[in-house]
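For reference, the structure discussed in these notes is given below.
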Amino acid sequence: MITSLNRKNEHHDNICEELLRERAVVLSRAGMAVSDAIELLTRLDRQIKEKTSFLKVLNRDENIQNVEQNIQTIREEINLIIEQFNAACRKAQLQYYYLIVTREALGLRRHDRVSEIYKIPAEKEKIRVI
């Protein structure tokens, strides 16, 4: 009788452990999706800053031929990257929402630490192209 009860308890403990592992995997995937989205935003932001600083150099240098054409091209490139950034921003916000929903579904109700860890930047405005 005792061995039967011990086996039942052991089986129950194994199932509980398996459920905990599954919860951890689900939360990990949701968190990684948000992290990946934020990482993409960081890369795109870096590209925007590089292009913007190059644009400032072009604006100061009057000796380069076709300066206006180059400036126009760089502005268009920056705006294209800004469009990508804004789309990635919306995707990151959606992934963050999925993470919060997943946490709620698993019974986790406090999300203040999560919002501190996963900071999603605001969308950017395009620069004017003349």
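Taken in order, the sequence shown gives residues 2 to 131; the numbers are from this note's numbering.
The beta-carbon is built from N, C-alpha and C at its ideal position, and this holds for glycine as well.
*asked:* Under 8 Å: do the stretch 111 to 126 and the stretch 83 to 98 share three or more Cβ pairs, one atom per stretch?
replied: By the Cβ rule, the stretch 111 to 126 counts as touching the stretch 83 to 98, because three or more pairs are nearer than 8 Å.
*Roughly how many whole angstroms lie between the Cα atoms of V68 and A38?*
For V68 and A38, the distance between alpha carbons rounds to 35 Å.
*Determine the contact status of L28 and R104, defining contact as a CB-CB distance below 8 Å.*
Yes, they are a contact pair.
*Hey, would you say Q96 sits closer than 8 Å to V26, going by beta carbons?*
Cβ atoms of Q96 and V26: not closer than 8 Å.
*asked:* Taking 8 Å as the cut-off, does the stretch 105 to 122 touch the stretch 39 to 46 (at least 3 CB pairs, one atom from each stretch)?
replied: Contact holds: three or more Cβ-Cβ distances are below 8 Å.
*Consult DSSP for L1 and reduce its assignment to one of helix, strand or coil.*
The structure shown has nothing for residue 1, since the chain only spans 2 to 131.
*Give the secondary structure of Y119 by DSSP, where H, G and I count as helix, E and B as strand, and everything else as coil.*
Here Y119 sits in coil by DSSP.
*Measure the C-alpha to C-alpha separation of A88 and G32 and round it to an integer number of angstroms.*
C-alpha separation (whole angstroms): 19 Å.
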